[in-house]
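Chains as they are written, first to last, in the numbering used here: chain A, -8 to 105; chain B, 1107 to 1216.
Dropping the structure here:
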């Protein structure tokens, strides 16, 4: 299994600012993903973080709003840019792939934008 | 869009078997059926997966119909700690992204 940590665990931010969320895994992983879970909703995939190349974004999500980095096989960041109250959500990092069927999820970052 | 259909909620008495259905009528021959659950305020947790045959592990059993158009997750002796949202997912491989549907909110009643 993979142990995933996220920083920060929660934050309250002002409208118009940006927040960078870190995801650290205790072992090298093939695939890393970022999800958003709005209050009372299911998880929505934002993007796949590719090591050494640009992230692959899902429909409705763009790099200018959610820039992602993945400098190596154990670390990724997601930035939520120019935040508005609609960005208030839990953001989750997930890892998997490489012949491992389970996909593991981090504890999430609870973001509130005021 | 999610490729599965699940009831929005279910109740089950503590100690009884919880049977959670899932329809995936458009599943392809190379797609697996996965089940995850999300306990309140936690990240989703893998439960089980299967391709054609029924599967069992320490958490649950997965029954897949012969035509593979539906499946049932069975929690044999439900406890209050099994209260969660359960997601049925289909995907081609372990490298494929997971798209979550709305899931089934399972309430275990004492």
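We treat Cβ as the ideally placed atom computed from N, Cα and C, and that holds for glycine.
For residue 1127/B, the three-state secondary structure derived from DSSP is strand. Residue 1179/B sits buried, since 16 or more C-beta atoms from the chains shown fall within 10 Å of its C-beta.
Look at residue 1127/B: its C-beta is not under 8 Å from any C-beta on chain A. If you look at residue 63/A, you'll find it in the beta strand (DSSP E) that goes 59 to 63.
DSSP, reduced to helix, strand and coil, places residue 78/A within a helical segment of the structure shown.
Residue 38/A: member of the beta strand (DSSP E) spanning 34 to 40, first to last residue.
By alpha-carbon distance to residue 1201/B, the top candidate from 1129/B, 1138/B and 1168/B is 1138/B.
Under the 8 Å criterion on CB atoms, residue 1161/B is classed as non-interfacial with respect to chain A. Listed by position along chain B, the residues whose Cβ is nearer than 8 Å to that of residue 98/A are 1148 and 1149.
Residue 1140/B is positioned such that its CB atom lies closer than 8 Å to that of residue 1155/B.
Taking C-alpha positions only, residue 1122/B is separated from residue 1183/B by approximately 5 Å.
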